[in-house]
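What follows is one structure encoded as C-alpha cells, with my remarks underneath.
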Amino acid sequence: MHHPQASMYKAAFMTLIQGDSVDDFGLLLRTVRDLEDSFNHAHGYPFVIFSVDPLSTRAKELVASLTSGTVHFETLHGQQQFYGYGPETQLGKAVKARHQLKDQVDEGDSKTFRFNARFMAGTLYQHPALKELDYIWRFQPGTHYPCPIFEEEQATKDPFYYMYKHQKKLSFSLTVREPIQAAPTLFQTVTDYINKHPAIQSRLTQRDSLWPLVASKEDGQYTQCEFSSSFQIADLSFFRSDQYQSFFDHIDKANGIFYERWSDSAIQSMGAALFLKKQDIHRWEDVGYRGLGGLLYCPTNPDLWSRCDCRPEYNFDDSRTCLAFLA
Numbered sequence: 144m145h146h147p148q149a150s151m152y153k154a155a156f157m158t159l160i161q162g163d164s165v166d167d168f169g170l171l172l173r174t175v176r177d178l179e180d181s182f183n184h185a186h187g188y189p190f191v192i193f194s195v196d197p198l199s200t201r202a203k204e205l206v207a208s209l210t211s212g213t214v215h216f217e218t219l220h221g222q223q224q225f226y227g228y229g230p231e232t233q234l235g236k237a238v239k240a241r242h243q244l245k246d247q248v249d250e251g252d253s254k255t256f257r258f259n260a261r262f263m264a265g266t267l268y269q270h271p272a273l274k275e276l277d278y279i280w281r282f283q284p285g286t287h288y289p290c291p292i293f294e295e296e297q298a299t300k301d302p303f304y305y306m307y308k309h310q311k312k313l314s315f316s317l318t319v320r321e322p323i324q325a326a327p328t329l330f331q332t333v334t335d336y337i338n339k340h341p342a343i344q345s346r347l348t349q350r351d352s353l354w355p356l357v358a359s360k361e362d363g364q365y366t367q368c369e370f371s372s373s374f375q376i377a378d379l380s381f382f383r384s385d386q387y388q389s390f391f392d393h394i395d396k397a398n399g400i401f402y403e404r405w406s407d408s409a410i411q412s413m414g415a416a417l418f419l420k421k422q423d424i425h426r427w428e429d430v431g432y433r434g435l436g437g438l439l440y441c442p443t444n445p446d447l448w449s450r451c452d453c454r455p456e457y458n459f460d461d462s463r464t465c466l467a468f469l470a
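Residue numbers (my numbering): 144 to 470.
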C-alpha cells in the first residue's frame with residue numbers, strides 16, 4: 144500500500160462486507176465514492192476492504208476505479224481465528240440464544256452480526272492485513288458524509304493528521320445506547336474484570352476518566368451509552384495494547400457476543416472507559432455524518448452546515464444525552 148504520510152504515520156480506510164452481492168456491494172461503492180468526494184481525493188489514503196466471501200475481479204476493479212489511493216482486499220473465509228465463533232463458544236447455546244432474541248432486539252437472530260462484532264471488537268487488530276498501519280478510519284457501507292471534510296479557503300485539513308498531532312487514541316461522531324435486551328450481563332462481566340485487576344479501579348474515579356460514560360455517577364448503574372463505531376478513527380496501538388487485548392480475551396471467553404448480542408461498539412466503549420482518559424478521545428464536531436437508520440450529526444456551526452446537505456435541527460438526540468455524562 145502507498146502511504147501519503149509515511150514519514151509520520153501509516154493510515155488507511157477500513158471496512159467489512161459480506162461479498163459482492165448487489166445490495167452489500169452497492170452500499171460499499173456509494174460510501175467509498177462519498178469519502179473520496181468529501182475528503183480523500185486530496186490525500187490518496189489507501190483502503191483495506193475485508194470481505195467474508197471472495198470478491199470477483201470485476202468487483203475489485205469497480206472499487207479501485209473510485210479511489211485515489213491503493214486498495215487492499217482481504218478475504219476472511221476460512222480464517223476461523225479471526226472471523227467466527229470464539230474458541231470456547233458452545234454452538235448449541237449460541238443457536239438457542241439467537242432463537243430467543245429473534246423478536247426482542249434488532250439483529251437478535253443474526254449469526255453474521257455476531258461474527259462481525261467479534262471481529263471488529265477484538266480479533267481485527269491482530270490481523271496481518273493491518274500490521275503496517277498506525278491508524279484506521281473505519282466506515283460502514285451505506286453511510287454518508289454530507290459535508291466537505293475540514294475544507295478551508297487555503298487548505299484541506301486531515302483527520303488522520305489531527306489524530307497523530309494531538310495524540311488521540313479514539314474518535315467518533317455519535318454516541319448511542321445499547322439495548323439492554325442485547326447485553327443484560329455485559330456490565331457485570333466488565334465489573335468482574337475490574338475486580339480481577341484492582342489497579343484499574345483507582346483510575347475510574349479520576350476526573351479525566353471516561354468511566355461515567357458507561358456507569359452513572361449517581362448510582363453506578365449501566366448507562367447503556369457507547370461510542371458508535373460505524374464512523375471511527377482509531378490509533379491502532381490502543382486496540383493492540385496488552386491491556387485492551389487482555390480485556391477482550393475476558394469478553395471473548397464470557398461469550399456474551401454469542402449467548403446474548405453484544406455489539407462491537409459496546410465492547411470497545413467499555414474498553415475505552417477502562418483504559419483511556421477524556422483527553423485521549425475526540426468527537427468530530429466539524430464532520431457531518433449520516434449513519435444507517437437515520438442517525439445524523441450535522442455540524443452546528445452555520446459556516447460549516449451551509450455547505451452540507453444536512454441540517455443540525457435533525458441531529459440525533461441520544462448523542463447529546465450520552466455526552467452529558469462526560470461533562
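For every residue, glycine included, the Cβ atom is placed at its ideal position computed from N, Cα and C.
Check                                                                                                            : Outcome
Backbone secondary structure at E295 - three-state DSSP                                                          : Its pLDDT being 48, under 50, E295 is placed unreliably by the model, and nothing is read from it.
Member of L347, P445 and R450 whose CA lies at the smallest distance from the CA of A415                         : L347
Per DSSP, cross-strand counterpart(s) of I410                                                                    : I410 pairs with nothing; no bridge assigned.
Nearest-angstrom Cβ-Cβ length linking P189 and H215, presumed shorter than 8 Å                                   : 7 Å
I279 burial status per 10 Å Cβ neighbour count (16 or more: buried)                                              : buried
Y387 versus T266: straight-line alpha-carbon distance, rounded                                                   : 11 Å
Y457: first and last residue of the uninterrupted beta strand (DSSP E) it sits in                                : That residue, Y457, is in no beta strand (DSSP E); it is neither H nor E in DSSP.
Beta-carbon proximity check, S316 vs Y457, cutoff 8 Å                                                            : no
Helix, strand or coil at F182 according to DSSP, with G and I counted as helix                                   : coil
Exposure label - K134; buried when at least 16 CB within 10 Å                                                    : Since the first residue shown for the chain is 144 and the last is 470, residue 134 is missing from the structure and cannot be characterised.
Top-ranked residue by Cα proximity to D392, from F225, T174 and H146                                             : F225
Boundaries of the beta strand (DSSP E) in which W280 is found, first to last residue                             : Y278 to F282
Exposed unless 16 or more other CB atoms sit within 10 angstroms - verdict on Q310                               : exposed
Unbroken alpha helix (DSSP H) run spanning V333, endpoints                                                       : L329 to K339
Residues bridged to V319 (per DSSP)                                                                              : E369
Inter-residue spacing [alpha-carbon to alpha-carbon] between E403 and L244                                       : 8 Å
Alpha carbon of E296 to alpha carbon of Y304, nearest angstrom                                                   : Confidence is the limiting factor: at E296 the pLDDT is only 44, short of 50, which leaves the residue's position unreliable, though a coordinate-based value still follows. One C-alpha to the other measures close to 18 Å.
Inter-residue spacing [alpha-carbon to alpha-carbon] between V319 and H425                                       : 16 Å
Three-state secondary structure (DSSP) of H215                                                                   : strand
8 Å Cβ cutoff met for A326 and G399                                                                              : yes
Close-in-space but distant-in-sequence residues of the same chain around W405 (CB under 6 Å, 5 per side omitted) : A326, L329 and G399
Length of the line joining the Cα atoms of F459 and V206                                                         : 31 Å
Nearest residue (CA-CA) to F256, options I160, P271 and R454                                                     : I160
C-beta contact flag for D423 and M263 at 8 Å                                                                     : no
Buried or exposed by the 16-neighbour rule on C-beta atoms within 10 Å, applied to A202                          : buried
Contact under 8 Å by Cβ, F193 with E217                                                                          : yes
Between the CA atoms of I410 and R173 - distance to the nearest angstrom                                         : 28 Å
Reference D429; option with closest CA among F418, D446 and P230                                                 : D446
Residue of I292, D362 and D301 minimising C-alpha distance to Y432                                               : I292
A377 classed as buried or exposed, judged by whether at least 16 other C-beta atoms fall within 10 angstroms     : buried
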